[in-house]
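Worksheet for the structure shown next.
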Amino acid sequence: MSSSVSAQAIGELEKYTACDVSDALLKLKVPGAGFIADLTQYSPRHSSTGSSKEEKVTVAPVSTVLFTAKDEDPTSTSTRPAPNFPKDTHWVDNAVPGTFAVMQQAPGQTNAICGGIMALRMKMLGLKGIIVAGRVRDLVELQSTELPIWALGTSTVGSGGSSTPWAREVPLTINGVLVTPGDLAVNDPVNGVVVIPRDKVAQVLELLPKLTSADDKAKADVALGVSVKEAFQRHRG
Numbered sequence: 005m006s007s008s009v010s011a012q013a014i015g016e017l018e019k020y021t022a023c024d025v026s027d028a029l030l031k032l033k034v035p036g037a038g039f040i041a042d043l044t045q046y047s048p049r050h051s052s053t054g055s056s057k058e059e060k061v062t063v064a065p066v067s068t069v070l071f072t073a074k075d076e077d078p079t080s081t082s083t084r085p086a087p088n089f090p091k092d093t094h095w096v097d098n099a100v101p102g103t104f105a106v107m108q109q110a111p112g113q114t115n116a117i118c119g120g121i122m123a124l125r126m127k128m129l130g131l132k133g134i135i136v137a138g139r140v141r142d143l144v145e146l147q148s149t150e151l152p153i154w155a156l157g158t159s160t161v162g163s164g165g166s167s168t169p170w171a172r173e174v175p176l177t178i179n180g181v182l183v184t185p186g187d188l189a190v191n192d193p194v195n196g197v198v199v200i201p202r203d204k205v206a207q208v209l210e211l212l213p214k215l216t217s218a219d220d221k222a223k224a225d226v227a228l229g230v231s232v233k234e235a236f237q238r239h240r241g
């Protein structure tokens with residue numbers, strides 16, 4: 005996937021936390037401030053030494069995969085996009101190098117939609133990470149990829165019995181947050197995952213230095229005994 009966002013802009017964003025980014029998106033009135041709620045990071049395995057490598061923020065464009073329930077009537081949801089996977093291919097072989105794959109599962113299912121083989125294939129194709137609005141399995145195998153992998157939960161059951169890949173590179177709505185191919189995923193191992201709409205990137209980059217500077221000044225004042233109310237009045241306006 006080609007992204008209109010420059011490598012320089014991505015590098016600048018990686019200097020900030022997901023919390024900083026959400027503060028900017030909140031100012032810009034982006035629904036949910038871009039935060040993908042309730043995710044757990046299942047890979048990489050966290051080291052007891054607290055390696056700083058594991059805590060590094062990474063940013064990459066988003067690609068998407070929508071799954072549906074196998075027993076659901078495809079005509080029952082008029083808002084569903086048309087199926088668009090190429091015939092005679094496996095969905096994972098269409099994964100987009102250089103992206104965070106964001107995958108959405110049908111609600112209420114207890115099977116996984118991503119396991120060890122799928123994650124390994126995505127690593128070999130050069131993906132930057134995997135975000136599953138649904139369940140994953142094969143945790144040791146997921147961790148062996150060393151990719152950042154987030155999900156809402158786990159399962160022992162594969163996708164074959166209940167889920168089917170439906171469409172790729174389509175908009176997804178996850179807990180009220182719109183995720184569109186080409187948006188930027190901010191992977192922050194400490195704080196969580198935030199998605200920046202592509203058309204908001206320039207505004208986010210403009211806001212971030214101002215917001216973080218104001219917070220640093222407010223924290224310095226609070227450390228000296230100033231009330232939060234006064235510190236916010238001084239620096240946040």
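Counting from 1, position 63 in the sequence shown corresponds to residue 67 in the numbering used here; the numbering is continuous, with no gaps.
Don't be surprised by glycine CBs; every beta carbon is placed ideally from N, CA and C.
These figures come from a predicted structure and were not determined experimentally.
Sequence-distant residues of the same chain with beta carbon closer than 7 Å to residue i, five excluded per side
| i | result |
| --- | --- |
| V69 | W95, A105, M107, P169, R172 |
| V34 | P201, K204 |
| S166 | A73, K74, Q113, N115 |
| E16 | L209 |
| S52 | The predicted model places S52 with a pLDDT of 43, which falls under 50 and marks its position as unreliable; any figure quoted below should be read in that light. Result list for S52: empty, nothing under 7 Å. |
| T103 | M5, A64, P65, V66, S67, L131, K132 |
Cutoff 8 Å: residue i Cβ touching any chain E Cβ
| i | result |
| --- | --- |
| E18 | The structure shown contains no chain E, having only a single protein chain. |
Residue range of the beta strand (DSSP E) that includes residue i
| i | result |
| --- | --- |
| F104 | 104-108 |
| A189 | 188-192 |
| A155 | 153-158 |
| G196 | 196-200 |
| I178 | 176-178 |
| V181 | 181-183 |
| R83 | The question names Arg, but residue 83 in the sequence shown is Thr. Looking at the DSSP string, T83 is not in any beta strand (DSSP E), and its letter there is neither H nor E. |
Coarse secondary structure for residue i, derived from DSSP in three states
| i | result |
| --- | --- |
| F89 | coil |
| I117 | coil |
| P169 | strand |
| G54 | Residue placement at G54 is flagged as unreliable, the pLDDT there being 49, under the threshold of 50; the coordinate-derived value follows with that caveat. Looking at G54 - three-state DSSP - the assignment turns out to be coil, as it is neither helix nor strand. |
| D75 | coil |
| R141 | coil |
| Q65 | It should be noted that the sequence gives Pro, not Gln, for residue 65. It is a strand residue. |
| A123 | helix |
| V100 | coil |
| S148 | helix |
| G130 | coil |
Alpha-carbon to alpha-carbon, residue j and residue i
| i | j | result |
| --- | --- | --- |
| T93 | E59 | 36 Å |
| V144 | A218 | 42 Å |
| V136 | D187 | 16 Å |
| K132 | T160 | 25 Å |
| V66 | L228 | 42 Å |
| G38 | L182 | 8 Å |
| R125 | C23 | 31 Å |
| V198 | S8 | 19 Å |
| S56 | R84 | Summary for S56: the model assigns pLDDT 46, below 50, so the residue's position carries little reliability, and this model does not support an answer. |
| A99 | L129 | 7 Å |
| N179 | A28 | 19 Å |
| G54 | L43 | Confidence at G54 is low in this model, with a pLDDT of 49, below 50, so its placement is unreliable and no value can be given for it. |
Host alpha helix (DSSP H) of residue i (start-end)
| i | result |
| --- | --- |
| D225 | 205-227 |
| G15 | 11-17 |
| L29 | 22-31 |
| V232 | 232-239 |
Sequence-distant residues of its chain with Cβ nearer than 8 Å to residue i (five each side left out)
| i | result |
| --- | --- |
| L32 | K204, Q207, V208, L211 |
| E18 | K60, V61, T62, V63 |
| A222 | V232, A235, F236, R238, H239, R240 |
| T158 | Y46, A116, R139, V140, R141, L143 |
Member of the options whose CA lies at the smallest distance from the CA of residue i
| i | options | result |
| --- | --- | --- |
| W154 | V190, G130, V181 | V190 |
| L146 | L29, G119, A227, T158 | G119 |
| Q45 | G164, E150, D24, F236 | E150 |
| A110 | G15, Y20, D77 | D77 |
| S163 | D42, M122, L43 | M122 |
| P152 | N88, A28, G180, V194 | V194 |
| L176 | V25, R49, F71 | F71 |
| S148 | P48, T216, P90 | P48 |
Neighbourhood of residue i by C-beta distance below 6 Å, restricted to the same chain and skipping five residues each side
| i | result |
| --- | --- |
| I14 | V63 |
| D192 | T21, A22, V61 |
| L30 | A37 |
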